[in-house]
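Engineer: First, the structure itself, so that you have it in front of you.
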Amino acid sequence: MTTKTEILVIGTNDKIRETVLRLLNTNSIWQATGVSTIDEAVVKCKETIYEVLLVGAGLTDELETRLTTAVKAIQPSIHIIPHYGGGSGLLFAEIYLALGTDNEA
Amino acid sequence: MAQTVLHTAASRGGADHGWLKSYHTFSFSSYFNPERIQFGALRVLNDDSVDGGMGFGEHPHDNMEIISLPLDGALQHKDSMGNIATIEPGEIQAMSAGTGIYHTEYNKDKSKPVKFLQIWVFPNKRNVDPRYDQKKIDVPALPNQLVQILSPDQDDAGIWIHQDAWFNLGKLEENTAVEYSIHKKGNGAYIFVLEGKVTVNGQELDRRDGFGIWDTENFTIRASTNAEFLIMDVPMEF
């Protein structure tokens, strides 16, 4: 059985976050989960080891800094990357670059 | 000494969805090439053709400056901010996606393709308020001049975006040349040939070739045929 690459997506726009999750989960070797707050992200990070935290739109600079600090304290090796574009255009390249190109579908 | 990068038209990624034919200068959607991610803040340069009556259904964007430049035909736009617009050649459209927008883009014509460039530039600030703008391009009376169509300044010529970027359109007659000065220290310029043949810094470029140049203050674009091109002057670090 192949272990899926776990990806956590945070963003405050529910519709965009759901779109991003749907797109990521079209890749059979990725398992993407969404949250909208730092507290939710912290809870998820205590339950599951994530390879990537994708930071979507809606968090202030201050909240993005707090998020990084909180998540890194639990999972120091997680790749935290900003998401740009809001859809499929850049999404896959962002994940491939974070994980290394051997993770392509 | 100037540094350069050449992306020939034939080396671009491609996607043929039947109703949509797209050439990607940089990695986009299912086209991924780790050597072709971006040129500084310029992240997407898509050369799209959409069949008559077809288009992109409702889809989201966030945190990106999205510029559309029609080359042939008319593109209909409708977004979640309430904007309904048509853009045609001689116009430019920009959206700051910021915290998030939804929009649709359709070919207004039912029978012939619409051809346009879609260009994405990383914003200099995340999570700005979404905005939409559209402007006519001020084509000069004299040939062989550059026309500024985009800048970071609301009061400057052309449309504006959240980035220290300047776009110019050029139209040169055969055997003429134009000098271009980079607008800001740390910026580079990406030249995309729309029609004809030009030479930049000794590099011959054909239709739809792309050429990036940086670590220089200025350069000359020389046309070996009648030519049209777009210069995208963007920060190399941002």
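First to last, the protein sequences are chains S and C. Note that the working numbering numbers the first sequence so that position 76 is 493, with each residue one more than the last. Note that the working numbering numbers the second sequence so that position 218 is 586, with each residue one more than the last. Cβ coordinates follow ideal geometry from the N, Cα and C atoms, glycine included. None of the values given here were measured: they were computed from a predicted structure.
1. Measure from the alpha carbon of E403 (chain C) to the alpha carbon of each residue in C:S397, C:T393 and C:S417, then state which is nearest.
2. Would you please verify whether the beta carbon of A533 (chain C) is less than 7 Å from any beta carbon of chain S?
3. Which of the three DSSP states, helix, strand or coil, is assigned to G506 (chain S)?
4. In whole angstroms, give me the CA-to-CA distance for Q492 (chain S) and T485 (chain S).
5. Per DSSP, what are the beta-bridge partners of R404 (chain C) in this structure?
6. Just verifying my parser: in three-state terms, what is the DSSP assignment at T422 (chain S)?
7. Can you list, in chain order, the residues of its chain with a C-beta nearer than 8 Å to that of E541 (chain C)? Leave out the 5 residues immediately preceding and following it.
8. Need the endpoints of the beta strand (DSSP E) that D601 (chain C) sits in, please.
9. From E435 (chain S) to Y470 (chain C), what distance separates their C-alpha atoms?
10. Residues in its own chain within less than 6 Å of S453 (chain S) by CB, not counting five upstream and five downstream?
11. Could you check how far apart the C-beta atoms of G556 (chain C) and V602 (chain C) are, in whole angstroms? I think they sit under 8 Å.
12. With DSSP run on the structure shown, which of helix, strand or coil describes L439 (chain C)?
13. Tell me which residue opens and which closes the beta strand (DSSP E) that A453 (chain C) is part of.
14. Quick one: what does DSSP say R434 (chain S) is sitting in, helix, strand or coil?
15. Could you check if K432 (chain S) belongs to the surroundings of the ligand COA, using beta carbon to heavy atom distance under 6 Å?
16. At least one CB of chain S closer than 7 Å to the CB of A465 (chain C): is that the case?
17. Spatial neighbours of D501 (chain C) within its chain, please: C-beta separation below 6 Å, excluding the five flanking residues on both sides.
18. So, is the C-beta of N430 (chain S) closer than 7 Å to a C-beta in chain C?
19. Would you kindly work out how many angstroms separate the C-alpha atoms of F424 (chain C) and M369 (chain C), rounded to a whole number?
20. Do I498 (chain S) and E511 (chain S) have their C-beta atoms closer together than 7 Å?
21. Give the straight-line distance between the Cα atoms of W534 (chain C) and D583 (chain C), rounded to the nearest whole angstrom.
22. Per DSSP, P499 (chain S) is paired with what?
23. From this set, C:F606, C:D384 and C:V568, which residue's C-alpha is nearest K552 (chain C)'s C-alpha?
24. Roughly how far, in whole angstroms, is the beta-carbon of V482 (chain C) from the beta-carbon of A442 (chain C), given that I think they are within contact range, below 8 Å?
25. Provide the residue(s) that pair with R380 (chain C) in DSSP beta bridges, ordered along the chain.
26. So, A377 (chain C) versus D577 (chain C), is the Cβ gap smaller than 7 Å?
27. Along the segment 481–508 of chain S, where does the CB come closer than 9 Å to a CB of chain C? Name the residues.
28. To the nearest angstrom, how far is it from the Cα of G517 (chain S) to the Cα of G502 (chain S)?
29. Could you work out which residues of chain C lie near G475 (chain S), taking near to mean beta carbons separated by less than 9 Å?
30. Counting only Cβ pairs nearer than 8 Å, list the residues of chain S close to I405 (chain C).
31. Would E433 (chain C) and S464 (chain C) qualify as a contact pair, given that the criterion is a beta-carbon distance under 7 Å?
32. Does the beta carbon of T465 (chain S) come closer than 7 Å to any beta carbon on chain C?
33. According to DSSP, which residues form a beta bridge with N536 (chain C)?
Structural biologist: In short:
1. C:T393
2. no
3. helix
4. 10 Å
5. None; R404 (chain C) has no bridge partner.
6. strand
7. P511, N512, A591 and N594
8. A595 to P603
9. 13 Å
10. T429
11. 7 Å
12. strand
13. I452 to I455
14. helix
15. By its list of ligands, the structure shown contains no ligand whatsoever, and the ligand COA lies outside what it can speak to.
16. yes
17. A462 and I527
18. yes
19. 43 Å
20. yes
21. 17 Å
22. S:V472
23. C:F606
24. 6 Å
25. Looking at the DSSP assignment, R380 (chain C) forms no beta bridge with any residue, so it has no partner.
26. yes
27. E481, P499, H500, Y501, G502, G503, G504, S505, G506, L507 and L508
28. 21 Å
29. D430, T467, G468 and N495
30. A510 and L514
31. yes
32. no
33. C:Q516 and C:I599
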